Structures are given as C-alpha cells and as structure tokens.
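> Residue numbers (this note's numbering), protein chains in the order written: chain R, 576 to 958; chain F, 576 to 958. This is the structure I want to talk about, given as structure tokens.
There are 2 protein chains.
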Amino acid sequence: MKPRLLTPGPSMVPEETLLELARPVTFHRSAEFRQVLTEVEEDLKYVFRTKNTVCILTSSGTGGMEAALANCLSPGQKAILLISGRWGERWKNLCKAFGVEAVIVSVPYGQAVPPEALKKALADHPDAKAVCATLSETATGVANDIEAYGKLVAPTPAVLLVDTISGLGVVPCETDAWNIDLNVTGSQKALMLPPGLAFVSVSPKAWKVIEANTAAKLFYFDLKKYRDKIEKESDTPYTPANTLIKAMRLSLQRMRKEGIENVWKRHAKLGAAARAGVQAMGLELFAERPTDGLTVAKMPANLDSSPLISKLEKQYGLRVANGQDTLKGKIIRIAHMGYTDQFDVLAALSGLELVLLEAGFPVKPGSGVAAAQQVFAEGVKAS
Amino acid sequence: MKPRLLTPGPSMVPEETLLELARPVTFHRSAEFRQVLTEVEEDLKYVFRTKNTVCILTSSGTGGMEAALANCLSPGQKAILLISGRWGERWKNLCKAFGVEAVIVSVPYGQAVPPEALKKALADHPDAKAVCATLSETATGVANDIEAYGKLVAPTPAVLLVDTISGLGVVPCETDAWNIDLNVTGSQKALMLPPGLAFVSVSPKAWKVIEANTAAKLFYFDLKKYRDKIEKESDTPYTPANTLIKAMRLSLQRMRKEGIENVWKRHAKLGAAARAGVQAMGLELFAERPTDGLTVAKMPANLDSSPLISKLEKQYGLRVANGQDTLKGKIIRIAHMGYTDQFDVLAALSGLELVLLEAGFPVKPGSGVAAAQQVFAEGVKAS
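Written as structure tokens, this is what we have:
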C-alpha cells in the first residue's frame with residue numbers, strides 16, 4: 576500500500592528535504608550554519624512577504640503563538656480575540672494562562688469572523704493592546720479576512736497577531752501590506768518540513784510595544800534575543816534544531832523556484848477542485864469561507880466519519896483527519912497543502928467515493944473525481 | 576576529507592537514526608505514534624534511572640531548564656544556584672528573567688562546587704525553594720557531585736533541579752537514588768539525536784511544589800500538561816517534533832542494548848584515555864574534577880587555541896570546540912560522548928598532536944595516542 580499523508584499538519588515533505596535530514600549532524604556555531612540561517616531568513620521573508628525580521632524558534636507552532644502574545648502583553652492588559660474554531664480558542668487559552676484580559680469575538684464553527692465584528696470590538700475597547708486572529712482555521716477549514724482586519728487595526732495603537740500556521744504558503748498572506756504585526760507560522764504545513772520549528776515575524780510597531788513591555792517575564796521565548804542574534808550575527812540565542820533548519824533551506828528554495836504567487840495559485844486550484852469533488856459526491860462543505868489548504872466536508876446525517884477515516888487509511892493508505900472535540904465523527908478534513916499536487920487530490924476524492932459507497936451512501940462512482948478534473952482542466956489549452 | 580563531529584553538542588548520530596529521519600513524515604495523533612511515545616518514555620526512564628514521568632518537550636535544552644524553573648518557582652521566591660561555568664550561569668539568567676531571587680554559590684571556572692558550600696547555603700537560606708545545579712559543566716569539562724547535593728537537599732523542603740544536558744548517558748546519573756527532583760536533558764548529546772528535544776523528569780516531591788505554585792504563568796512549558804498527556808494518553812499536548820522522537824527510539828534502543836552501565840564504562844574509558852593523551856602531549860587539564868563526556872585542555876602560554884581548532888577542522892575534518900566567552904582561545908574542548916568510540920578519541924589526539932607540532936609546540940609524535948592506547952589496552956587480556 577502506498578501511503579499519502581493528507582492531514583492538515585504534518586503534511587508531506589519533498590524527498591530532497593527528507594534526504595537532507597539524514598545527513599550527518601554538523602556544528603551550529605559555524606560559518607556554514609550562519610550561511611544557512613542567512614539564506615533561510617531571506618527565504619522566510621520572501622514567503623512571509625515582509626521586510627521584518629522573522630524569528631526562528633525551536634518549538635511547535637503553539638510556542639510561536641505564546642512568544643507573540645507573551646512578548647506584547649502583560650497580565651491585566653486587554654486583547655480582542657477573533658475566534659472561529661479550535662485554533663482560535665488557543666489564543667483564549669494563552670490569554671488565560673498569561674493573565675491577559677480577553678475580549679471574545681466568536682462565530683459558530685464553520686463561519687469566518689466578519690470584519691464588522693472587529694470594528695465594533697475596537698470601538699468598544701479602545702484600550703485593547705492587541706487583536707489576535709487566525710488566517711486558516713484548521714479545525715473548520717475557514718479562511719478569515721486578515722487583510723480587512725489589518726486595515727481596521729493599523730490606525731489603532733493595538734498590534735495584530737495572526738496565527739497563519741496552516742495558511743502561510745497556501746493562500747495569499749501579505750505580512751507587510753496587510754499590517755500583520757506578529758505573524759506566527761510553523762514548519763510542518765505548507766513550508767514542507769517535519770514539525771519542530773515556529774516562525775514569528777515582528778513589525779516595527781510591534782517591536783515598540785515589545786520594548787515597552789518591561790513587565791514581561793521571558794527567556795526562551797524572548798523575541799528580542801532572536802532578533803538581535805539573527806540580525807547581528809546570523810545566529811540563534813539557543814541551540815536550534817539545526818538539521819530541520821538546514822533541510823528547510825531546500826523546501827524554501829522549492830517555494831522560491833515555483834514563485835510564491837504560483838504556490839498560491841496551485842493551492843487555489845487544489846482547493847477549488849477538492850471542494851467541487853466533495854460537493855459533486857453529494858457532501859456539503861463545512862466552511863462558509865473556505866481556505867485552500869484543506870477541505871472540510873460535513874458527513875450526511877447518520878453517517879459517522881470515524882470509521883470512514885479509519886478505512887481510508889487502512890485500506891487505501893490515505894491519511895486524512897477527523898474533526899476535533901465536538902466535531903469528531905461529524906466532518907472529514909482532507910488537507911492539500913505544501914508538497915501536494917492535483918493527483919493527490921484525485922486520490923483523496925477517489926478514496927472518499929469508495930468508502931462512501933461501501934458505507935451505503937449513494938454516490939455515483941467517478942462523480943467526485945470528474946468534477947475535480949474539470950477544475951484542473953480549466954485554462955488548459957488544446958494544442 | 577572525512578568529517579568527525581567532536582563538539583560537546585551536537586554530537587554524532589548513528590547511521591540508523593539518521594536514516595530514520597529521512598523516512599516520510601507520519602501523523603502524530605495515531606496509534607502508531609502513541610506506541611512510539613510509549614516505548615520512548617520507557618527507554619528514557621531507563622536512561623534517567625527513574626520511575627518518574629519524563630516530560631518530552633519540543634525545544635532546546637534551555638527550554639527544558641526554563642520549564643523546570645518556571646514550574647517550581649514564582650517571582651520573589653528564592654533559589655540556591657551552584658555555578659561552575661557558563662551553563663551554570665544559565666540558571667542565574669533564568670532566575671533574573673523570572674524574578675526569582677538567586678543565592679549564588681560559585682567557584683572559579685575549572686572547579687566543581689564543593690558539597691560543603693551547598694550545605695552552608697542551605698543552612699543560611701532555609702527559605703530556599705530550590706537548588707539548581709549542573710552535572711557536567713560543558714564550558715569547563717567539570718563534573719559536579721550531584722549525588723552529594725541530593726543527600727543535602729532531600730531532607731529540606733527545597734527541590735533539586737539538575738541540568739544534565741551533556742552528562743546524562745555519559746556519567747552515572749541516578750535520578751531517583753540521588754534525589755534529583757527535576758532532571759533536565761537534551762537530545763543532541765549522549766542521546767545521539769539532532770537538537771530539538773528536551774526532557775524533564777519530575778519527582779513526586781516536585782509535583783507537589785509545582786501543583787502548589789498557582790502563581791506560575793505557563794502554557795507551552797506547563798509540565799502538568801505534558802505529564803497528563805503522556806501518562807493518560809501516551810500523547811503530547813502540542814504537535815511534537817515527531818520525526819525526531821521516532822528516530823530517538825532507535826538511539827535509545829542502542830543504549831538499552833549496550834546497557835546503561837556499559838555506556839557509562841565506555842565513556843569512563845574514553846574520558847580517561849583522552850585525558851591521558853592530552854597530558855602525555857604536555858598539556859594540562861582545565862577541569863579539576865573532569866567529566867567523561869569531554870576533555871578540556873589548557874593551551875600553553877602564548878599559544879592561541881583558535882587557529883589550532885580551525886586547522887583541525889579544515890585540514891583534518893576534526894570539529895572540536897573552542898572555549899566560550901573569556902575562555903575563547905585559551906582552551907580546547909574535545910567531546911567524546913554518545914556515538915563515539917576509542918578510535919574517534921585516537922583520531923582527535925592524533926590531530927591535536929599534528930597541529931601542535933605545526934604550531935611549534937614541542938610534542939613528541941605519538942606520545943598522546945600511545946598514552947590513550949595504553950588506557951584502552953588496560954583490561955584487554957592476551958589469549
């Protein structure tokens with residue numbers, strides 16, 4: 576059986592990156608590794624669409640979110656949280672842990688947070704020091720309108736913190752043009768690497784907030800240290816996961832070679848095809864405003880997704896994701912981000928048709944894959 | 576040229592572990608990965624010599640030190656720090672960052688902290704909540720007497736936090752028998768893995784302190800979450816560096832197969848041979864109470880170690896370490912920990928003889944390697 580990893584993180588890693596991970600370990604305080612860091616930093620800026628320094632942390636994405644929040648906010652200060660799913664809830668849990676007062680702006684799972692709701696919250700809470708948002712809500716497949724949030728937050732004293740962990744390198748994300756002050760992402764999604772690294776870009780406006788936040792108790796996640804080390808010495812403050820960073824160079828080179836706009840276009844096509852496919856099978860989309868990195872389909876009434884997902888893996892090698900918490904068994908989440916192409920999407924749709932048929936759901940064989948193929952065929956010219 | 580990595584972290588990684596790192600990435604919320612975590616947890620307990628839960632963090636070793644300190648101590652509380660080098664200073668910097676009052680017990684670099692000094696500090700500061708120590712001071716090559724510290728701390732209300740990052744799996748370290756309450760180590764030394772993971776074992780006494788420390792502001796490094804996830808679900812609270820953990824299984828299996836007592840014996844022999852070798856060349860040891868994971872030699876007057884270290888790498892492929900901070904140029908640090916054998920030590924000594932000769936230092940060719948070989952030959956019986 577041929578395995579295909581189609582979970583919304585970790586995602587598949589290119590073969591040349593995997594092979595790099597098997598190379599002998601080298602010392603991280605060396606001219607060679609400083610050169611790697613220099614290149615990786617430049618390529619991260621390219622992918623982030625930013626001139627800002629990108630801090631490279633050895634941690635999961637949650638560590639990056641903690642760094643963003645804890646560097647900007649002190650206990651007792653106020654943050655507006657735009658919550659559209661489980662990963663938005665993580666901002667809430669972080670605020671609770673760090674004693675930050677949370678103003679919650681939430682929507683039912685499956686919906687995006689409308690910019691108007693943020694506009695009202697900012698008007699009601701002019702003392703908010705930060706706004707926390709999620710680009711791609713991995714739990715529901717929703718894309719939030721970060722560009723619109725940025726326009727609202729930029730004229731205020733608040734900083735905009737965005738979790739782009741499953742969105743960066745998938746859908747357009749213009750860190751500078753959209754006024755994202757702290758942009759947090761992780762290695763194991765569209766950046767095509769195993770988990771273990773988080774990245775946080777910090778705007779000049781955010782650095783001022785961070786420098787003024789003298790009450791913060793920080794050490795491992797002190798972003799100022801990462802900034803100073805990378806800017807002045809092309810180095811890191813603590814021993815980094817250097818083999819992951821060296822391997823990431825190859826994945827980032829791949830993105831640069833494809834061109835970030837083309838990366839977005841590819842994902843847009845994969846997303847459109849996957850959505851057309853599941854709908855043609857008779858399934859409904861869960862997300863009202865879908866992201867392009869994963870497709871979340873609702874299960875029909877009386878059909879539990881758990882055994883289908885299990886069968887997809889055991890029988891067909893297709894590893895997709897279940898819903899989390901209250902959504903477990905009710906949805907199926909198929910990721911198509913990073914090192915993924917149109918044929919991976921066709922494989923996923925084909926497998927889904929088969930397990931639905933086996934479960935007695937009336938799907939016309941080929942309907943899903945044909946609908947996806949029609950999307951892929953758009954724009955392909957006959958010779 | 577054949578490269579040999581002889582820095583005191585990262586150290587060399589076995590080939591089968593490297594190859595595992597090149598395998599396709601898999602999903603981390605799965606029965607397969609829970610099985611990996613179960614095995615790794617058991618093998619970590621074996622290497623730690625503990626019945627306590629070992630928390631597996633995705634971070635550098637410093638993240639593990641922060642977790643140990645920040646979970647136990649609140650701002651304003653007092654800790655006794657036993658400092659014998661740069662890595663002992665890290666405890667001080669952590670205390671500063673977290674507002675912990677530090678009682679410093681330090682010795683000149685090259686010496687170990689005598690247990691009597693801790694005895695006095697404990698008597699002078701009965702309100703100390705913690706004692707922070709370093710097993711193997713990587714900056715100076717010194718081994719501290721953790722067993723003696725443990726005997727002094729155990730009857731007090733204080734908890735004993737030990738950084739064993741470059742010592743665990745090298746020299747004897749009996750977490751339970753020595754009363755180490757929080758034992759912090761990292762992946763990239765004797766555990767034979769690239770950097771990216773930290774491990775913290777926590778004693779029942781320490782859990783009580785941690786549970787009572789309700790003022791702590793923790794999220795990513797909240798050890799209670801790691802304990803609950805690993806104990807109840809064989810899982811991790813946040814996306815772990817799962818490829819590193821899967822690969823670590825192989826390195827830990829290697830340690831279990833060799834037997835931890837034999838691992839210690841091997842390192843004892845490597846350390847004894849390296850020390851005999853550098854002394855036979857006419858160099859002095861820097862450490863008064865040397866650890867077995869690295870050998871630190873003083874440079875003769877008027878001889879700068881920096882160009883020698885550079886030449887060892889460029890001309891002979893031997894990557895050893897310089898002194899740090901004020902010790903730069905004054906010492907040379909040769910590591911022999913983890914995936915290292917007697918012939919690696921001979922190679923290092925041979926290279927050192929050659930660059931010393933080239934620098935005009937009067938060393939008799941073969942004196943260092945012969946002295947080391949004599950150590951290796953001890954106990955080898957003629958047939």
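Using N, Cα and C, we set each Cβ at its ideal position, and we do this for glycine too. The structure displayed is predicted, hence computed values, not measured ones.
Select from the segment 759–787 of chain F all residues with a C-beta closer than 7 Å to any C-beta belonging to chain R, and list them in chain order.
Within the segment 759–787 of chain F, the qualifying residues are Gln-763, Pro-769, Pro-770, Gly-771.
> Return the residue from the list Gly-834(R), Pro-683(R), Lys-792(R), Ile-631(R) that minimises the CA-CA distance to Ala-773(R).
Taking the first sequence and counting its residues from 1, the one referred to as residue 773(R) is at position 198. Comparing Cα positions, the closest option is Ile-631(R).
> Can you find the residues in the same chain that come closer than 8 Å, C-beta to C-beta, to Arg-802(F), ignoring five residues on each side of it along the sequence?
Start at 1 with the first residue of the second sequence, and residue 802(F) comes out as number 227. Taken in chain order, the residues that qualify are Thr-628, Cys-630, Val-777, Trp-782.
> For Asn-668(R), report the span of its alpha helix (DSSP H) as first-last.
Indexing the first sequence from 1 puts residue 668(R) at position 93. Element bounds for Asn-668(R): 661–672.
> Quick one: grab the DSSP three-state call for Pro-865(F).
Position 290 of the second sequence, counted from the start, is the residue given in the question as residue 865(F). Correct three-state label for Pro-865(F): strand.
> Which of helix, strand or coil does DSSP assign to Lys-873(R)?
Reading the first sequence from its first residue, position 298 is the one you call residue 873(R). Note: Lys-873(R) maps to strand in three-state DSSP.
> If we ignore side chains and look at the alpha-carbon of each, how far apart do Asp-675(R) and Gly-892(F) end up?
Within the first sequence, numbered from 1, the residue matching residue 675(R) stands at position 100. Within the second sequence, numbered from 1, the residue matching residue 892(F) stands at position 317. Note that residue 675(R) corresponds to Val in the displayed sequence, not to Asp. Their backbone Cα atoms lie some 52 Å apart in a straight line.
> Under 8 Å between the Cβ atoms of Phe-673(R) and Lys-780(F)?
Your numbering for residue 673(R) matches position 98 in the first sequence. Your numbering for residue 780(F) matches position 205 in the second sequence. Contact flag unset, no.
> Alpha carbon to alpha carbon, how far is Leu-869(R) from Glu-928(R)? Give it in angstroms, no decimals.
Taking the first sequence and counting its residues from 1, the one referred to as residue 928(R) is at position 353. Taking the first sequence and counting its residues from 1, the one referred to as residue 869(R) is at position 294. Between Glu-928(R) and Leu-869(R), the C-alpha separation is close to 17 Å.
> Compare the C-beta of Thr-713(R) against all C-beta atoms of chain F and say whether one is closer than 8 Å.
Translated into the one-based positions of the first sequence, residue 713(R) becomes position 138. So no, Thr-713(R) is outside the interface.
> Quick check on the burial criterion: 16 or more other C-beta atoms within 10 angstroms. Buried or exposed for Asn-646(R)?
Taking the first sequence and counting its residues from 1, one reaches residue 646(R) at position 71. That one is buried.
> What residues of chain F sit near Thr-709(R), judged by a beta carbon separation below 7 Å?
The residue labelled residue 709(R) in the question sits at position 134 within the first sequence. Neighbours of Thr-709(R) on chain F: none; closest Cβ ~16 Å, over 7 Å.
> Closest to Glu-859(R) by C-alpha separation, out of Val-678(R), Ala-872(R), Val-950(R), would be which residue?
The residue given as residue 859(R) occupies position 284 in the first sequence. Among Val-678(R), Ala-872(R), Val-950(R), the Cα nearest to that of Glu-859(R) belongs to Ala-872(R).
> If you check the beta carbons only, do Ala-849(R) and His-911(R) fall under 8 Å apart?
Position 274 of the first sequence, counted from the first residue, corresponds to residue 849(R). Position 336 of the first sequence, counted from the first residue, corresponds to residue 911(R). For Ala-849(R) and His-911(R), yes; Cβs fall inside 8 Å.
> Going by DSSP in three states, Glu-859(R) sits in which element: helix, strand or coil?
In the first sequence, the residue the question calls residue 859(R) occupies position 284. The answer is coil: DSSP assigns Glu-859(R) none of H, G, I, E or B.
> I'd like to know whether the C-beta of Lys-792(F) is nearer than 8 Å to at least one C-beta of chain R.
As a first step, residue 792(F) is located in the second sequence; it is residue number 217 there, counting from the start. With 8 Å as the cut-off, Lys-792(F) counts as an interface residue toward chain R.
> Please name the residues in the segment 911–945 of chain F whose beta-carbon is closer than 9 Å to at least one beta-carbon of chain R, in chain order.
Taking 9 Å as the Cβ-Cβ cut-off against chain R, none of the residues of the segment 911–945 of chain F qualify.
> Check for me: the beta strand (DSSP E) holding Arg-802(R) runs from which residue to which?
Taking the first sequence and counting its residues from 1, the one referred to as residue 802(R) is at position 227. It is not in any beta strand (DSSP E) - Arg-802(R) instead sits in the alpha helix (DSSP H) that spans 798–808.
> Which of helix, strand or coil does DSSP assign to Asn-817(R)?
Locating residue 817(R) in the first sequence gives position 242, where the first residue counts as 1. Reduced to three states, the DSSP call for Asn-817(R) is helix.
> Alpha carbon to alpha carbon, how far is Thr-915(F) from Pro-812(F)?
Working through the second sequence from its first residue, we reach residue 915(F) at position 340. Working through the second sequence from its first residue, we reach residue 812(F) at position 237. Taking the straight line from one Cα to the other gives about 34 Å.
> Tell me the rounded alpha-carbon separation between Glu-808(R) and Thr-814(R).
By one-based count along the first sequence, residue 808(R) stands at place 233. By one-based count along the first sequence, residue 814(R) stands at place 239. About 14 Å.
> Taking C-beta pairs closer than 9 Å, name the residues in chain R that Leu-578(F) reaches, listed in chain order.
Counting from 1 along the second sequence, the entry for residue 578(F) is found at position 3. Going by the sequence as given, residue 578(F) is Pro instead of Leu. By Cβ distance, chain R contributes Pro-599, Thr-601.
> So, for Lys-577(R): in the same chain, excluding its five sequence neighbours on each side, which residues have a beta-carbon less than 7 Å away from its beta-carbon?
To locate residue 577(R), count along the first sequence from 1; it is residue 2. So the list reads Gly-892, once near-sequence residues are dropped.
> Can you list the residues of chain R that Tyr-795(F) reaches, using a CB-CB cut of under 7 Å?
Residue 795(F) sits at position 220 when you count from the first residue of the second sequence. Chain R residues near Tyr-795(F): Ser-634, Thr-637, Gly-638, Glu-641.
> At what residues does the beta strand (DSSP E) containing Arg-609(R) begin and finish?
Sequence index remark: in the first sequence, residue 609(R) carries index 34 (1-based). Per DSSP, Arg-609(R) belongs to no beta strand (DSSP E); it is in the alpha helix (DSSP H), 606–623.
> When you compare only the Cα positions, how much space is there between Leu-827(F) and Ser-635(F)?
By 1-based counting over the second sequence, the position of residue 827(F) is 252. By 1-based counting over the second sequence, the position of residue 635(F) is 60. If I take the Cα positions, the gap works out to 18 Å.
> Say whether the segment 727–741 of chain R touches the segment 757–768 of chain R, bearing in mind that this needs 3 or more beta-carbon pairs closer than 8 Å, one atom from each stretch.
Yes, the segment 727–741 of chain R is in contact with the segment 757–768 of chain R.
> Would you verify that the beta carbon of Phe-966(F) is, or is not, closer than 8 Å to some beta carbon of chain R?
Not covered by the structure: residue 966(F). The range shown for chain F is 576 to 958.
> Out of curiosity, what's the CA-to-CA distance linking Leu-902(R) and Leu-693(R)?
What you label residue 902(R) is simply residue 327 of the first sequence in a count that begins at 1. What you label residue 693(R) is simply residue 118 of the first sequence in a count that begins at 1. Approximately 26 Å, taken between the alpha carbons.
> Measuring alpha carbon to alpha carbon, tell me which residue in Gln-949(F), Gly-898(F), Asp-900(F) is nearest Phe-918(F).
Numbered from its first residue, the second sequence carries residue 918(F) at position 343. The shortest C-alpha separation from Phe-918(F) is found at Gln-949(F).
> In this structure, does DSSP put Ala-946(R) in helix, strand or coil?
In the first sequence, the residue the question calls residue 946(R) occupies position 371. Here Ala-946(R) sits in helix by DSSP.
> With a threshold of 16 other CB atoms inside 10 Å of the CB of Asp-900(F), please say whether the residue is buried or exposed.
Your numbering for residue 900(F) matches position 325 in the second sequence. That one is exposed.
> Count the other CB atoms, across all protein chains shown, that sit within 10 Å of the CB of Gln-544(F); report buried if there are 16 or more and exposed otherwise.
The requested residue 544(F) does not occur in the structure, where chain F is confined to residues 576 to 958.
> Comparing alpha-carbon positions, which option in Gly-941(R), Gly-846(R), Asp-810(R) lies nearest Glu-614(R)?
Counting from one through the first sequence, the residue named residue 614(R) turns up at place 39. The shortest C-alpha separation from Glu-614(R) is found at Asp-810(R).
> Quick check: what's the CA-CA separation for Asp-720(F) versus Ala-843(F)?
Here residue 720(F) refers to the residue found at position 145 when the second sequence is read from its first residue. Here residue 843(F) refers to the residue found at position 268 when the second sequence is read from its first residue. Their backbone Cα atoms lie some 16 Å apart in a straight line.
> Please name the residues in the segment 876–899 of chain R whose beta-carbon is closer than 7 Å to at least one beta-carbon of chain F, in chain order.
Answer in chain order: Arg-894.
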